[in-house]
Ligand SMILES: [Zn+2]
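Written out as structure tokens, the structure is:
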């Protein structure tokens, strides 16, 4: 086990009493509770943490926060392996295992770093250019190289074993970020009684407060944070959510948040979710998201050991870690001096502060008093070293070299970029502030306001004051009475910092702008030369800012360099618009519990258990599970079972669960008129106690749905719809009744799950039902003729019996209240024993209806007319109805449209396939020569061969002709004979039996 | 992420509703011309800004709710019943 060679002897907000063991690339290390993976690796002297995306350059950690572009690792193993995890955001836990990624074979010796030698092929726009080359080049060489070398970590291949939850939050004031401004805002809003949610992505509060040096309200920062935290937690109207990142700002003042509930512990987790996705709806929002420091672009500025100045400070201050033994500092503003002072106080050597400014100000004297060398008008020329920094070469702004400084860490500050991601997502265009060289938010569009560093206010007193005011203003805007006497937390004044622009320190080497996507200063110049003048084009061509870090450290440098190339100022170039997510969010978090069988509800009919007992094989029909067929033993195949079931219905009798049909009860004096307007055929003259098949059209004249509708009383109809269209038909009826004809006195409601139904079909159907219902209902032809409907009482419940037939046999459908369904099934099944009754599933049902030429879902595909289906004669000429006007258009009744026919294979041994296309010439089967298509097929016991329904151009006039059904997917061509779609019992004698 | 004030149920989450399109077109009388029905079935404006549209409260009272919504900002100005004549705000908010 390595010792923590770079751990400072004192300081840091870590628990030295709790050492934790972890591994990186299978090497064992030790860190402390309170570390991140990045701080623990630095404490162990590990600078090399990854290889870059394109060139496989050695990379170390750049930042100490969520903006990290370099130190991306694979966390955990097996099914929980997660790629591209930021080492700066991983809280250390005992047993943590991480591996570096994007390297081969090892991190310190990466074969693919030869990509650097091929660098000229991988310049800006290389994807576009490479695709332009001969395809043989692409397949044989470039794809292999690029696939192997580009891309980052490996995702787990197993399914995710963890649980993810969804939650909703509501508040008066949502505060984004718990730095000084956010804490002040949460305090002032919370004290006024507003319902506050304070969200912080880190596990701690305080943001960028310096724990050792900052003082608020005459307290050290740590003490103040503790006091505020205690007060906020004691307020019942305030909720503090740490380890939570707000990733998106959506309309309705809704923010999406990801709470890392259990990412900081070793799996397996308790019975809690791993992460929780929040939808937070806020009346008012205070954005206190802070600012991101940005690097200076100079040659080899990506060597491990080159870090942001603020990150260096944080590692010393919060983690008690020395990022290096000798830390050189490069800056163009005052902030890096604070880093120098902190390093000096921790006993770390600072050989030089290289300040780009000619007259930096008072801090120079303070540094020199401490014995720190300060060079003004001084820029970095190049970082040197193999797998990490060993030297820094300095130059003047005119390019003349000064000297080489030995160091193992370079702290860089190129100024700060206010974090305008969320506010930009809300539609606000950030505006350039020349004073701070950064974009700040423009006037809000939504109910939000920014405070502190995210609007360019960098001094502590300013942040506290703005946060306090923003909290009060937000509470007030949310309708809360705010006390005038409220006082902001106080901090001492800080001198105004000046900043000078250094977008590209002179040099000719590789100088990186976007570390995560390996975009250099030269790439941006090249893109500009090749015509990518707009920032949006430049971004896409170079991929600057398009990595998972969303360009947090690179965007401003990138567009400043584009502005330089264009010879224009930054406001003219403008910035790209930020979009969600601010930080990566796992797909699992969006899915939540809605995956696998929980993706949507499974609907079971009342007879489901009876089907299970009979060994049914089920099929999903929408959300429903329906019996597909009932194999009699293990040996019977599906084909055999379907054939047997269909055969038995015609020979003896079968029963089938038809509960999934949509059912709608329609009441009222105008019910008849209402249905007359919905269906193409008439329902007003339907006698009470009778059923009728109805067809309805969409307004555009195409067929919408069909079903049997019965009249139970003068003012009471019972409609059925297809299983698939049940919801759509009801919505259509809602629209017609509420919007189109509100004057009609009609009421209706869905009864799909109130009535369950069984169809009993076959020559013995009457015998079976008479026995099953013990004579409770007379089913003779005299009392219950074809299309007759009766109500009767069975076991104290109202039952309805409909003499309707889908199979063409003597058949009845019986409906009973849902709760009676299983009992009814069992009664009929038991009574059927003496009559050779079999249960049949959807497949046999399909074969039987194809034999009769009845249309179903496959034929009702939304593109067909009543005439196409051969049902044109049903279209009433005595009344208007929905779809009538547009069904009269010339093309809708064209005889040359594909119309319904039956098909039989000429060689009866051949099978037919649904989806096959019909052609006259089997050697010329193309999209253009297709005359139609096969919709439904079945192996028919009654006909003795496969049969099919099809739509064929001019079909009804071609009965008896032979054409070809081609099925290219299986390379099949079958000669078929065109026939009437009614294959069996064309006169319909059997159903009157 | 709308919340829609259903005239029958009160303020409800968007997920209870089904968007049903343009509420400014109304179905012609049966005797109207084919052209009128063609326009009703196929022709829609695609306005930038305020728009009156149907939201069916399908997961609630099943009533069709008229909603004046800004297609640019997603702001909802007012809701009403099918019989209500809902005016658009005078000043169009720009993003
Ligand atoms: Zn409602």
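Residue numbers (this note's numbering), protein chains in the order written: chain H, 1 to 993; chain L, 1001 to 1095. Cβ atoms here follow ideal geometry from the backbone N, Cα and C, with glycine treated the same way. Note that this is a predicted model, so its numbers are computed, not measured.
So, for residue 124(H): in the same chain, excluding its five sequence neighbours on each side, which residues have a beta-carbon less than 6 Å away from its beta-carbon?
Counting from one through the first chain, the residue named residue 124(H) turns up at place 124. Answer for residue 124(H): 523, 526, 527, 541, 542, listed in chain order.
Keeping to the same chain, check which residues put their C-beta closer than 7 Å to that of residue 1009(L); ignore five residues upstream and five downstream.
The count along the second chain starts at 1 and reaches residue 1009(L) at position 9. Excluding sequence neighbours, residue 1009(L) sits near 1057, 1060, 1061.
Hey, would you say residue 974(H) sits closer than 7 Å to residue 924(H), going by beta carbons?
In the first chain, counting from the first residue as 1, residue 974(H) sits at position 974. In the first chain, counting from the first residue as 1, residue 924(H) sits at position 924. No. Outside cutoff.
Counting pairs of Cβ atoms below 8 Å between the stretch 265-280 of chain H and the stretch 425-439 of chain H, do you hit three or more?
no
Is it buried or exposed for residue 593(H), if we count other Cβ within 10 angstroms and need 16 for buried?
For the purposes of this step, residue 593(H) is identified with residue 593 of the first chain, where counting begins at 1. Under this definition residue 593(H) is an exposed residue.
Would the beta-carbon of residue 1057(L) be found less than 6 Å away from any heavy atom of ligand 1?
Start at 1 with the first residue of the second chain, and residue 1057(L) comes out as number 57. Within the cutoff, so yes.
Out of 956(H), 781(H), 67(H), point me to the one whose CA is closest to residue 417(H)'s CA.
By 1-based counting over the first chain, the position of residue 417(H) is 417. Cα-wise, what sits closest to residue 417(H) is 67(H).
Where DSSP assigns a beta bridge to residue 168(H), which residues make up the other side?
Counted from its first residue, the first chain places residue 168(H) at position 168. 279(H), per the DSSP bridge assignment.
Of the choices 915(H), 46(H), 233(H), 574(H), whose alpha-carbon is the least far from that of residue 322(H)?
As a position in the first chain, residue 322(H) is number 322, starting the count at 1. Nearest option by C-alpha distance: 46(H).
Residue 703(H) and residue 860(H) - do their beta-carbons sit closer together than 7 Å?
As a position in the first chain, residue 860(H) is number 860, starting the count at 1. As a position in the first chain, residue 703(H) is number 703, starting the count at 1. Closer than 7 Å, so yes.
Alpha carbon to alpha carbon, how far is residue 645(H) from residue 614(H)?
Walking along the first chain from the start, residue 645(H) turns up at place 645. Walking along the first chain from the start, residue 614(H) turns up at place 614. So the two alpha carbons sit approximately 14 Å from each other.
According to DSSP, simplified to helix, strand and coil, what is residue 623(H)?
Position 623 of the first chain, counted from the first residue, corresponds to residue 623(H). In the structure shown, residue 623(H) sits in coil (DSSP, three-state: anything other than H, G, I, E or B).
Checking the sheet assignment: what are the DSSP bridge partners for residue 791(H)?
In the first chain, the residue the question calls residue 791(H) occupies position 791. According to DSSP, residue 791(H) bridges with 800(H).
Of the residues that make up the stretch 1064-1076 of chain L, which ones have a beta carbon closer than 8 Å to any beta carbon in chain H?
1064, 1073, 1074, 1075
With 16 other CB atoms within 10 Å as the buried threshold, where does residue 579(H) fall?
Taking the first residue of the first chain as 1, we reach residue 579(H) at position 579. It counts as exposed.
By the three-class DSSP mapping on this structure, what secondary structure does residue 476(H) have?
Within the first chain, the letter at position 476 stands for residue 476(H). The answer is helix: DSSP assigns residue 476(H) an H, G or I state.
Cβ-heavy atom distance between residue 749(H) and ligand 1 below 6 Å?
Within the first chain, numbered from 1, the residue matching residue 749(H) stands at position 749. No.
Residues in its own chain within less than 7 Å of residue 1013(L) by CB, not counting five upstream and five downstream?
As a working mapping, residue 1013(L) is identified with position 13 in the second chain. Excluding the 5 residues flanking it on each side, residue 1013(L) has same chain C-beta neighbours closer than 7 Å at 1003, in chain order.
Give me the chain H residues within the contact set of residue 1082(L), using Cβ-Cβ distance strictly less than 8 Å, ordered along the chain.
Within the second chain, the letter at position 82 stands for residue 1082(L). Within chain H, the residues near residue 1082(L) are 738, 739, 742.
If you run the structure through DSSP and keep just helix, strand and coil, what is residue 1095(L)?
Mapped onto the second chain, residue 1095(L) falls at position 95. Note that residue 1095(L) scores a pLDDT of 46, beneath 50, so its modelled location is shaky and nothing firm can be said.
Which same chain residues end up closer than 6 Å to residue 693(H) when comparing Cβ atoms and leaving out the 5 residues on each side of it in sequence?
Position 693 of the first chain, counted from the first residue, corresponds to residue 693(H). Once the five neighbours on either side are set aside, the close Cβ partners of residue 693(H) are 708.
Buried or exposed: where does residue 9(H) fall if 16 or more other Cβ atoms within 10 Å of its Cβ makes it buried?
Here residue 9(H) refers to the residue found at position 9 when the first chain is read from its first residue. It counts as exposed.
With three or more beta-carbon pairs closer than 8 Å as the criterion, would you say the stretch 296-304 of chain H touches the stretch 345-353 of chain H?
At 8 Å Cβ cutoff, the stretches do not touch.
Could you tell me whether any non-hydrogen atom of ligand 1 is closer than 6 Å to the CB of residue 1063(L)?
As a working mapping, residue 1063(L) is identified with position 63 in the second chain. Yes.
Please list, in chain order, the chain L residues whose beta carbon lies closer than 8 Å to that of residue 699(H).
Residue 699(H) sits at position 699 when you count from the first residue of the first chain. Correct list: 1027, 1037, 1040, 1041.
With a threshold of 7 Å on Cβ separation, who are the neighbours of residue 600(H) within its own chain once the five nearest residues in sequence on each side are excluded?
Within the first chain, residue 600(H) is the residue found at index 600, counting from 1. Taken in chain order, the residues that qualify are 623.
What separation, rounded to the nearest whole angstrom, lies between the Cα atoms of residue 966(H) and residue 621(H)?
Position 966 of the first chain, counted from the first residue, corresponds to residue 966(H). Position 621 of the first chain, counted from the first residue, corresponds to residue 621(H). So the two alpha carbons sit approximately 28 Å from each other.
Run through chain H and tell me which residues come within less than 7 Å of residue 1048(L), C-beta to C-beta.
Position 48 of the second chain, counted from the start, is the residue given in the question as residue 1048(L). Those do not exist, as residue 1048(L) stays about 14 Å from chain H at its closest Cβ, beyond 7 Å.
Mind pulling the chain L residues with CB within less than 9 Å of residue 889(H)?
The residue you call residue 889(H) lines up with position 889 of the first chain. Those within 9 Å of residue 889(H) in chain L are 1034, 1038.
With hydrogens ignored, establish whether the beta-carbon of residue 1060(L) is closer than 6 Å to any heavy atom of ligand 1.
Residue mapping note: residue 1060(L) aligns to position 60 of the second chain, counting from 1. Within the cutoff, so yes.
Which residues of chain L have a Cβ atom closer than 8 Å to the Cβ of residue 251(H), listed in chain order?
Against the first chain, residue 251(H) aligns to sequence position 251. Near residue 251(H) (Cβ distances below 8 Å), the residues of chain L are 1001, 1002, 1073, 1074, 1075.
With 7 Å set as the bound, which would you pick, yes or no: does the beta-carbon of residue 1090(L) sit closer than that to a beta-carbon of chain B?
Absent from the structure: chain B. Protein chains present are H and L.
Measure how close the beta-carbons of residue 1063(L) and residue 738(H) come, nearest whole angstrom, since I'm counting them as under 8 Å.
Position 63 of the second chain, counted from the first residue, corresponds to residue 1063(L). Position 738 of the first chain, counted from the first residue, corresponds to residue 738(H). Indeed they touch by this definition, with Cβ atoms about 6 Å apart.
Using the C-alpha atoms, what's the distance from residue 332(H) back to residue 238(H)?
Walking along the first chain from the start, residue 238(H) turns up at place 238. Walking along the first chain from the start, residue 332(H) turns up at place 332. If you take the alpha carbons of residue 238(H) and residue 332(H), they lie about 40 Å apart.
Are any of the Cβ atoms in chain H nearer than 7 Å to that of residue 1017(L)?
If you number the second chain from 1, residue 1017(L) lands on position 17. Output row for residue 1017(L): interface = no.
Taking Cβ-Cβ distances shorter than 9 Å, what residues in chain H pair up with residue 1011(L)?
On the second chain, residue 1011(L) is found 11 positions in, with the first residue counted as 1. Per Cβ cutoff of 9 Å: no residues; residue 1011(L) is ~11 Å from chain H at best.
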